[in-house]
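Participant: Submitted below is the structure of interest, expressed as structure tokens.
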Amino acid sequence: MAVDQAQDATTSGAHALGRDGDPARPPYPAARPRPQGAAHGADCLCPHSARDAHRRAVASFDALRDRMATGQGLPAALAHSASASRQWVSDELTQAAHEVAERGRAASDAWFRQVWRRAVVAVWGAAGVLLLTQLITALAADGWSATRTAGLLAALGTTVPLTLAAWLHRTRGGLLAVLVGEDNRLSTSRAVAAGWVLLAGYAVLLLALERAVGQSPGGLALADSAALLTVLALSCAVAVLARVVVANRVRDRRAQKVRADRPRPADLLTDDAGRAGFAATQYVLLNAAAVVFACVTLARAPQRLPELPWGLALLVAVSAATYLGGKYADGGRPTVLSVVRAREAGDLDSPIRTGDDIEIRGSGFVPAGAQDADRLARTVVRIGPVHVHVPLVPVAGGFTNPTDTVLTVPVPVDVEPGRVDVQVITASGAETNRYPIDVLD
169 MAVDQAQDAT
179 TSGAHALGRD
189 GDPARPPYPA
199 ARPRPQGAAH
209 GADCLCPHSA
219 RDAHRRAVAS
229 FDALRDRMAT
239 GQGLPAALAH
249 SASASRQWVS
259 DELTQAAHEV
269 AERGRAASDA
279 WFRQVWRRAV
289 VAVWGAAGVL
299 LLTQLITALA
309 ADGWSATRTA
319 GLLAALGTTV
329 PLTLAAWLHR
339 TRGGLLAVLV
349 GEDNRLSTSR
359 AVAAGWVLLA
369 GYAVLLLALE
379 RAVGQSPGGL
389 ALADSAALLT
399 VLALSCAVAV
409 LARVVVANRV
419 RDRRAQKVRA
429 DRPRPADLLT
439 DDAGRAGFAA
449 TQYVLLNAAA
459 VVFACVTLAR
469 APQRLPELPW
479 GLALLVAVSA
489 ATYLGGKYAD
499 GGRPTVLSVV
509 RAREAGDLDS
519 PIRTGDDIEI
529 RGSGFVPAGA
539 QDADRLARTV
549 VRIGPVHVHV
559 PLVPVAGGFT
569 NPTDTVLTVP
579 VPVDVEPGRV
589 DVQVITASGA
599 ETNRYPIDVL
609 D
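Position one of the sequence shown corresponds to residue 169 (the working numbering), numbered consecutively onward.
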């Protein structure tokens, strides 16, 4: 009994920072001691420290949510009122979720400051692989040639500017900065376009250096490189059009966008919710296969631009059209379909009155990528002139309110009796249609 009371007291006071004017104990366990010799202070911003702090915060929040789902830690003064208990639990979880979000943003900033070095290492590693390949083929074939020299110089001419660009944008991920969209996710269309631009730029630089060292490269006619130029122009156009389509759909409230914590490689193949997307996956795979084909063609005939078959260019065009079609079809505006009075077992059927819970049914209430508690807590219902924050109702492993199709909120006493409109405002800021209900005295 004493252990349970101590645990309840700890849980109920874990998030009371500033309520009584005294500093409260932080809601997360203290950082584990570092091994001797590790120079990490309390304000350390290194990626490992920030990531560990975020993981501990998430684990602590999950434990708190699961405890509250079973009723542990609830103050005795609120036990008699279901609505007051629910609101108290929601407020405690919301405050804890904000703390987790802060730790997540700190971990994201630290990750951005680190990942640019990895990108630079990958670029120079690719140049090293090219050098090793040139040496092996030179020993196995006819020896070193001016074309091989031009190839290494072209690789150096590509790697050095990329390294400089990565250093200039080191606080935003280095080379990833150009691939990250406005929603802080890796952009599939930008990544594909960047691949074709790098390939074309390297091929043109190679031909220029071959001319500089006295070679006479051929294949510069438009007919020889028309398919490559078509694919390059198409991929760049898709990158621009995809951004325009998404921006216009969000502006017209036909799609919802929620900012991600940080970019992840899986963003190239998935939607905002992390589910595998057919349109993005086929676009990446088919373009990757086409780029590999072009690289092999360039390696076999470095004296000319890669000559792509028109059949392959048509395949890439079909893939691009499918990808853009997916951008037009993704998402949708949140919609309220019906509003009913929430009824528990044993309650009598009656009209909606102030103080009652109402159940809002529809779709799109939780945007893709907004499943975290911090974002769920941003969901608001406007009932007449009153804005009601949707309470978080925890269960083991998640929440039963809010969900993508159902929201449950109380009707505040400030709502005047009569006909009022109900409207949901999601975490992305999108508003649903207005649905009229009648509130009685």
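No residue lacks a Cβ here, since even glycine has one placed at the ideal position from N, Cα and C.
Would you decide whether Val297 is buried or exposed? Buried here means 16 or more other CB atoms lie within 10 Å of its CB.
Facilitator: Exposed: under 16 other Cβ atoms inside 10 Å.
Participant: On the criterion of 16 or more Cβ atoms from any shown chain inside 10 Å, does Trp256 qualify as buried, or is it exposed?
Facilitator: With 16 or more Cβ atoms within 10 Å of its Cβ, Trp256 is classed as buried.
Participant: Return the CA-CA distance between Trp499 and Ala488, expressed in angstroms with no decimal places.
Facilitator: Inspection of the sequence shows that residue 499 is occupied by Gly rather than by Trp. Their backbone Cα atoms lie some 19 Å apart in a straight line.
Participant: I'd like to know whether the C-beta atoms of Ile520 and Val590 end up nearer to each other than 8 Å.
Facilitator: No, Cβ-Cβ distance for Ile520 and Val590 is not below 8 Å.
Participant: Whose C-beta lies closer than 6 Å to the C-beta of Gly494 among residues of the same chain, with five residues either side of it excluded?
Facilitator: Closer than 6 Å at the Cβ level, and outside the excluded window around Gly494, lie Ala447.
Participant: Between the C-alpha atoms of Pro470 and Tyr451, what's the straight-line distance to the nearest angstrom?
Facilitator: Whole-angstrom Cα-Cα distance: 27 Å.
Participant: Tell me whether Asp234 sits in a helix, a strand or coil according to DSSP, three-state version.
Facilitator: Helix at Asp234.
Participant: Where do the ends of the beta strand (DSSP E) carrying Pro604 lie?
Facilitator: Here the beta strand (DSSP E) through Pro604 covers 603 to 608.
Participant: Taking all protein chains shown into account, decide if Pro604 is buried (16 or more other Cβ within 10 angstroms of its Cβ) or exposed.
Facilitator: Answer is exposed; the Cβ neighbour count stays below 16.
Participant: So Gln591 is in the beta strand (DSSP E); what residue range does that whole segment cover?
Facilitator: Residues 586 to 593.
Participant: Exposed or buried, Glu611, counting other C-beta atoms within 10 Å across all chains shown (16 or more means buried)?
Facilitator: Because residue 611 is not part of the residues shown, which for the chain are 169 to 609, the question remains open.
Participant: Bridge partners of Gly566, per DSSP?
Facilitator: Per DSSP, Val563.
Participant: Which residue from Val412, Ala318, Val592 puts its Cα closest to that of Leu373?
Facilitator: Selected option, being the one with the closest Cα: Ala318.
Participant: Let me make sure I understand the geometry here. Which of Trp364, Ala227, Leu330, Val291 has the alpha-carbon closest to that of Val484?
Facilitator: The candidate whose alpha carbon is nearest that of Val484 is Trp364.
Participant: For Ser276 and Glu350, what's the separation of their Cα atoms in angstroms?
Facilitator: So the alpha carbons of these two residues sit roughly 15 Å apart.
Participant: Based on Cα-Cα distance, which residue from Ala218, Asp310, Phe461 lies nearest to Gln282?
Facilitator: Nearest C-alpha to Gln282: Ala218.
Participant: Going by Cα to Cα distance, which pick from Val459, Gly514, Ala322, Glu512 is closest to Leu377?
Facilitator: Checking every option, the nearest Cα to that of Leu377 belongs to Ala322.
Participant: Per the contact definition of three or more C-beta pairs closer than 8 Å, is the segment 559 to 577 in contact with the segment 536 to 548?
Facilitator: Because the criterion of three Cβ pairs below 8 Å is met, the segment 536 to 548 and the segment 559 to 577 touch.
Participant: Straight-line CA distance for Ala456 to Cys463?
Facilitator: Approximately 10 Å, taken between the alpha carbons.
Participant: Determine which residues share a DSSP beta bridge with Ser506 and list them.
Facilitator: According to DSSP, Ser506 bridges with Arg529.
Participant: With a CB to CB cut of under 7 Å and the five nearest residues on each side skipped, what residues in its chain are close to Leu436?
Facilitator: For Leu436, where only same-chain residues beyond five positions count, the Cβ hits under 7 Å are Leu354, Thr356, Ala359, Ala448, Val452.
Participant: Starting from Thr576 and walking both ways along the beta strand (DSSP E), at which residues does that stretch end?
Facilitator: 574 to 578 is the span of the beta strand (DSSP E), which, as asked, contains Thr576.
Participant: How many angstroms separate the CA atom of Ala395 from the CA atom of Asp429?
Facilitator: Cα-Cα distance, rounded: 39 Å.
Participant: Report the partner residues of Arg550 according to the DSSP bridge assignment.
Facilitator: Paired residues: His555, Gln591.
Participant: Please list, in chain order, all residues of the same chain as Asp606 whose beta carbon is under 6 Å from its beta carbon, the five residues on each side excluded.
Facilitator: Cβ neighbours of Asp606 beyond the five flanking positions: Arg587.
Participant: What is the DSSP secondary structure of Arg521, counted as helix, strand or coil?
Facilitator: Reduced to three states, the DSSP call for Arg521 is strand.
Participant: Using a Cβ-Cβ cutoff of less than 8 Å, which residues in the same chain neighbour Trp133 once the five nearest sequence positions on both sides are dropped?
Facilitator: Residue 133 lies beyond the residue range present for the chain, which begins at 169 and ends at 609; the question has no answer from this structure.
Participant: Report the residue ranges of all alpha helix (DSSP H) runs contained in full by the segment 411 to 489; include only those spanning at least 4 residues, in chain order.
Facilitator: DSSP runs (the alpha helix (DSSP H)) wholly in the segment 411 to 489: 446 to 468.
Participant: Select from Arg421, Ala225, Trp478 the residue whose C-alpha is nearest the C-alpha of Glu270.
Facilitator: Answer by Cα proximity: Ala225.
Participant: Is Pro191 buried or exposed, if buried means 16 or more other CB atoms sit within 10 Å of its CB?
Facilitator: Residue confidence for Pro191 is low, a pLDDT of 37 falling below 50, so the modelled location carries little weight; the figure read from the coordinates is stated next. Under this definition Pro191 is an exposed residue.
Participant: What does the alpha-carbon distance come out to for the pair Ala237 and Pro585?
Facilitator: Rounded to whole angstroms, Ala237 to Pro585 spans 34 Å at the Cα level.
Participant: Is it the case that the segment 407 to 414 contacts the segment 507 to 524, given that we only count it when at least three CB pairs across the two stretches are under 8 Å?
Facilitator: At 8 Å Cβ cutoff, the stretches do not touch.
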